[in-house]
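In the working numbering, the protein residues as written are 10 to 77.
All C-beta atoms in this analysis are idealised placements derived from N, C-alpha and C, irrespective of residue type, glycine included.
Okay, structure first, notes after.
Below is the structure:
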């Protein structure tokens, strides 16, 4: 999902998105929904949150931030 789409979701939830990066903004949205703020933290490329709308982007982010 593109950052502008994420900002739209944040705005709908009443979250101010100024100066927030994509990952931090998604985590703020997750917290506002009462979910774990786990975006980008999947270890060993595993996530049990199959219904999460952020899952595809999250798995990519997790791979990029994982040490080699």
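Distance CB(residue i)-CB(residue j) smaller than 8 Å
i: residue 99; j: residue 54; result: Because the chain in this structure spans residues 10 to 77, residue 99 falls outside the shown range and cannot be described.
i: residue 37; j: residue 19; result: yes
Same chain, Cβ closer than 8 Å to residue i, five either side skipped, listed in chain order
i: residue 40; result: 46
i: residue 70; result: 32, 48, 49
Span of the alpha helix (DSSP H), counted from its first residue to its last, around residue i
i: residue 70; result: 64-74
i: residue 24; result: It is not in any alpha helix (DSSP H) - residue 24 carries neither H nor E in the DSSP assignment.
Between the CA atoms of residue j and residue i - distance to the nearest angstrom
i: residue 48; j: residue 35; result: 7 Å
i: residue 30; j: residue 64; result: 17 Å
i: residue 17; j: residue 62; result: 14 Å
Where residue i falls: helix, strand or coil (DSSP)
i: residue 33; result: helix
i: residue 13; result: helix
i: residue 50; result: coil
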